[in-house]
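K.L.:
Number of protein chains: 2
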Amino acid sequence: MKFISLFYIMGGRTIPNRKLVYSMTSKKEIMAYLKQEILSLELKPGAMISETALSERFQLSRTPIRDVLKQLSLEQYVDIYPKKGNLVSFIDLESVEQIIYLRNVLEKEIMKSLAGNIPLKGLHELRDNLAQQQKCIEQAEGAEVFLQLDDQFHRTMFGLAGREFLWGVLQQFNVHYIRYRKLHMLKDEKLAAIRQEHQQLLDYIVQGDTAGIDELLHHHLRADIDSKNLQEHFATYIKK
Amino acid sequence: MKFISLFYIMGGRTIPNRKLVYSMTSKKEIMAYLKQEILSLELKPGAMISETALSERFQLSRTPIRDVLKQLSLEQYVDIYPKKGNLVSFIDLESVEQIIYLRNVLEKEIMKSLAGNIPLKGLHELRDNLAQQQKCIEQAEGAEVFLQLDDQFHRTMFGLAGREFLWGVLQQFNVHYIRYRKLHMLKDEKLAAIRQEHQQLLDYIVQGDTAGIDELLHHHLRADIDSKNLQEHFATYIKK
DNA sequence: GAATCCTATCTTGTATACAAGATTGTGCCA
DNA sequence: TGGCACAATCTTGTATACAAGATAGGATTC
Chain X
154 MKFISLFYIM GGRTIPNRKL VYSMTSKKEI MAYLKQEILS LELKPGAMIS ETALSERFQL
214 SRTPIRDVLK QLSLEQYVDI YPKKGNLVSF IDLESVEQII YLRNVLEKEI MKSLAGNIPL
274 KGLHELRDNL AQQQKCIEQA EGAEVFLQLD DQFHRTMFGL AGREFLWGVL QQFNVHYIRY
334 RKLHMLKDEK LAAIRQEHQQ LLDYIVQGDT AGIDELLHHH LRADIDSKNL QEHFATYIKK
Chain G
154 MKFISLFYIM GGRTIPNRKL VYSMTSKKEI MAYLKQEILS LELKPGAMIS ETALSERFQL
214 SRTPIRDVLK QLSLEQYVDI YPKKGNLVSF IDLESVEQII YLRNVLEKEI MKSLAGNIPL
274 KGLHELRDNL AQQQKCIEQA EGAEVFLQLD DQFHRTMFGL AGREFLWGVL QQFNVHYIRY
334 RKLHMLKDEK LAAIRQEHQQ LLDYIVQGDT AGIDELLHHH LRADIDSKNL QEHFATYIKK
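Heads up: the protein sequence lines correspond to chains X and G, in order.
So in the numbering used here, spot 234 of the first sequence is number 387, and the numbers just go up one at a time.
So in the numbering used here, spot 90 of the second sequence is number 243, and the numbers just go up one at a time.
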């Protein structure tokens with residue numbers, strides 16, 4: 154039997170350390186491109202994405218395009234209806250609610266684990282971030298920028314607690330949540346309230362006040378997604 | 154412009170209610186088959202899965218086989234090394250630890266939400282399950298059966314709290330965890346301890362004793378995965 | 001004998017032709 | 001006018017040939 158040593162080497166873990174790449178670059182580029190278009194709502198929920206159209210647009214055969222679409226469908230960016238077509242997925246409010254809940258539950262526990270023993274470097278990073286949030290609000294830089302800072306704030310927390318992996322898990326179910334957030338378009342006074350809450354949480358963490366954290370995050374668990382507003386204004390984007 | 158009405162109908166949500174099927178049956182069957190083989194460790198971590206071999210075995214062309222492998226790789230059953238081959242993934246202990254943590258955090262919150270107001274029907278179901286667990290231990294039916302009951306127990310909890318969605322999320326990251334559990338092969342006395350704990354938890358829930366739940370589940374958050382034992386006996390299965 | 005190049009042959013990646021389901025619109029008929 | 005059958009044409013699904021990277025093993029060289 155030939156090629157036994159390839160097998161052995163792989164089994165012997167020479168290769169597993171190498172970086173996993175699913176293709177050259179173009180497929181990854183197309184993927185990123187489509188994701189961006191879907192998340193930004195340039196590609197509207199329900200819009201059709203045909204394989205042939207994409208293959209002409211990117212000058213590639215249908216085969217690699219199909220690979221991309223398949224992956225997008227597994228990450229819920231796209232719904233595949235066999236022999237009918239591929240549609241940009243509708244925003245699923247159920248998913249949004251569940252992911253917000255998951256996020257809050259995790260965060261509560263993570264913050265409690267950091268309470269009282271947060272590393273100095275991390276503390277600086279978080280305070281820096283809060284300062285930027287403040288600046289963002291004062292100078293009215295818009296919700297987009299604020300949300301990015303917000304994400305970074307939470308992600309840092311996950312990292313400090315050694316739970317970056319779980320942040321990654323959350324990201325994989327974010328399609329619906331991100332688009333929901335974009336449509337929601339928070340008002341300025343709400344941004345200020347969020348920043349204030351972040352500040353309070355960080356204070357509790359520094360003081361090691363786990364009870365305070367519990368108290369403050371408790372009402373978050375009943376994620377009150379503003380579905381009525383969305384149902385009215387963006388009915389065609391929402392999954393029924 | 155033609156075919157505008159297909160688009161409209163889809164956008165008009167006639168079709169989204171239909172069940173999503175990625176293919177006829179054969180692809181799904183192959184998928185399930187491979188998953189089972191990988192989870193049961195018949196296909197050992199590091200083993201090579203060639204497209205041509207599968208296509209001969211299942212009498213299908215490489216194209217649908219590739220679809221299956223692609224999906225398996227996204228669910229971490231398989232690692233694809235471009236132009237080299239597809240390997241059954243090695244067990245990633247880091248994933249195992251993170252998933253156990255996630256599971257415990259979620260469960261703690263879910264049980265607390267059920268405390269004091271668990272529906273009667275659900276209570277019966279859980280008690281039934283505990284009785285079966287007891288029977289399983291007494292008659293030494295083996296860890297396999299017990300673990301299945303264990304899963305069912307927790308899943309029921311998720312369902313009662315309206316969090317079946319999140320149970321699904323957990324399942325998607327289970328490849329490493331399930332295989333880890335299989336290798337671990339719990340001893341009988343440990344099974345009894347687990348059952349005892351379940352019983353205690355259910356009692357707390359009925360009594361509405363959230364503090365008790367907190368207390369009992371607290372130490373679970375420091376998931377002590379028994380990696381030393383595994384590293385010794387199954388080194389070739391573990392991701393380095 | 002050791003290192004290096006080269007070729008055979010394995011692997012997956014891509015392009016393309018054809019199969020087959022789904023939808024539309026037309027033409028027939030009542 | 002309404003309803004039905006049917007054909008045209010869109011879609012994705014599958015098979016297959018070929019391209020190209022990766023490895024192994026042997027011939028050549030020193």
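By construction, the Cβ of each residue, glycine as well, lies at the ideal position given by its N, Cα and C atoms.
Using a Cβ-Cβ cutoff of less than 6 angstroms, which residues in the same chain neighbour Asp379(X) once the five nearest sequence positions on both sides are dropped?
P.N.:
In its own chain, leaving out the 5 sequence neighbours on each side, no residue places its CB closer than 6 angstroms to the CB of Asp379(X).
K.L.:
Who pairs with Asp232(X) in a beta bridge, going by DSSP?
P.N.:
Leu240(X)
K.L.:
Under 7 angstroms between beta-carbons, which chain X residues line up against Phe326(G)? List them in chain order, please.
P.N.:
Val322
K.L.:
To the nearest angstrom, how far is the alpha carbon of His337(G) from that of Ala346(G)?
P.N.:
16 angstroms
K.L.:
With 16 other CB atoms within 10 Å as the buried threshold, where does His307(G) fall?
P.N.:
Within 10 angstroms of the beta-carbon of His307(G) lie 16 or more other beta-carbons, which makes it buried.
K.L.:
Would Lys261(X) and Glu262(G) be called neighbours here (beta carbons separated by less than 9 angstroms)?
P.N.:
yes
K.L.:
Jot down the residue ranges of each uninterrupted alpha helix (DSSP H) in the stretch 260-345 of chain X, minimum 4 residues, whole runs only, in chain order.
P.N.:
273-291, 296-313, 317-324, 328-337
K.L.:
I want to see whether chain G comes within less than 9 angstroms of Leu369(X), judged by CB atoms only; does it?
P.N.:
no
K.L.:
Along chain X, in chain order, which residues have C-beta atoms closer than 8 angstroms to that of Leu255(G)?
P.N.:
Residues of chain X passing the Cβ test: Leu259, Leu319, Val322.
K.L.:
With a cut-off of 9 angstroms, does the C-beta of Val174(G) fall near any C-beta of chain X?
P.N.:
The pLDDT assigned to Val174(G) is 31, lower than 50, so where the model puts this residue is not dependable; a value taken from the coordinates is nonetheless given after this. A Cβ of chain X is located within less than 9 angstroms of the beta carbon of Val174(G).
K.L.:
Note down, in chain order, every chain G residue with its Cβ under 9 angstroms from the Cβ of Lys223(X).
P.N.:
Tyr175, Asp220, Lys223, Gln224, Leu227
K.L.:
Nearest-angstrom Cα distance between Glu182(G) and Glu297(X)?
P.N.:
44 angstroms
K.L.:
Cβ closer than 8 angstroms: which chain G residues qualify as neighbours of Glu247(X)?
P.N.:
Per Cβ cutoff of 8 angstroms: Phe318.
K.L.:
Taking Cβ-Cβ distances shorter than 9 angstroms, what residues in chain G pair up with Gln106(X)?
P.N.:
What the structure shows of chain X is the stretch from 154 to 393, and residue 106(X) is not part of that stretch, so it cannot be assessed.
K.L.:
Anyone know if the C-beta pair for Ser248(X) and Val322(X) falls short of 9 angstroms?
P.N.:
no
K.L.:
Could you tell me the alpha carbon to alpha carbon distance between Gly315(X) and Arg256(G), rounded to whole angstroms?
P.N.:
16 angstroms
K.L.:
Can you grab the Cα-Cα spacing for the pair Glu410(G) / Asp303(G), in whole Å?
P.N.:
Only positions 154 to 393 of chain G appear in this structure, which leaves residue 410(G) out of reach.
K.L.:
Among Ala268(X), Leu344(X), Tyr390(X), whose alpha-carbon lies nearest the alpha-carbon of Gln287(X)?
P.N.:
Leu344(X)
K.L.:
Determine the DSSP secondary structure at Ile391(G), reduced to helix, strand or coil.
P.N.:
strand
K.L.:
At a cut-off of 8 angstroms, would you count Tyr230(X) as near the ligand ZN, judging by its Cβ distance to the nearest heavy atom?
P.N.:
Inclusion of the ligand ZN in the displayed structure is not the case, the ligand content being empty and no account of it being possible.
K.L.:
Output yes if chain G places a C-beta closer than 9 angstroms to the C-beta of Ile378(X); else output no.
P.N.:
no
K.L.:
Let me know the beta strand (DSSP E) ranges lying completely inside the stretch 186-236 of chain G, each 3 residues or longer, listed in chain order.
P.N.:
231-234
K.L.:
Gly361(G) by DSSP, collapsed to three states: which one?
P.N.:
coil
K.L.:
Between Glu182(G) and chain X, is any beta-carbon pair separated by less than 9 angstroms?
P.N.:
no
K.L.:
Use the C-beta contact count for Glu291(G): other C-beta atoms within 10 angstroms, 16 or more gives buried, fewer gives exposed.
P.N.:
exposed
K.L.:
Compute the Euclidean distance between the alpha carbons of Glu250(G) and Leu339(X), then round it to the nearest angstrom.
P.N.:
36 angstroms
K.L.:
Expressed to the nearest angstrom, what Euclidean distance is found between the alpha-carbon atoms of Gln384(G) and Asp362(G)?
P.N.:
Each residue's Cα considered, the two are about 40 angstroms apart.
K.L.:
Under the rule that 16 or more other beta-carbon atoms within 10 Å means buried, what is Tyr390(X), buried or exposed?
P.N.:
buried
K.L.:
Taking Cβ to Cβ, would you say Leu246(X) is nearer than 9 angstroms to Lys392(X)?
P.N.:
yes
K.L.:
Reducing DSSP to helix, strand and coil, say where Ile378(X) ends up.
P.N.:
Three-state result, Ile378(X): coil.
K.L.:
Quick one: residues in its chain with C-beta nearer than 6 angstroms to the C-beta of Phe326(G), no 5 flanking neighbours on either side, listed in chain order?
P.N.:
Ile252
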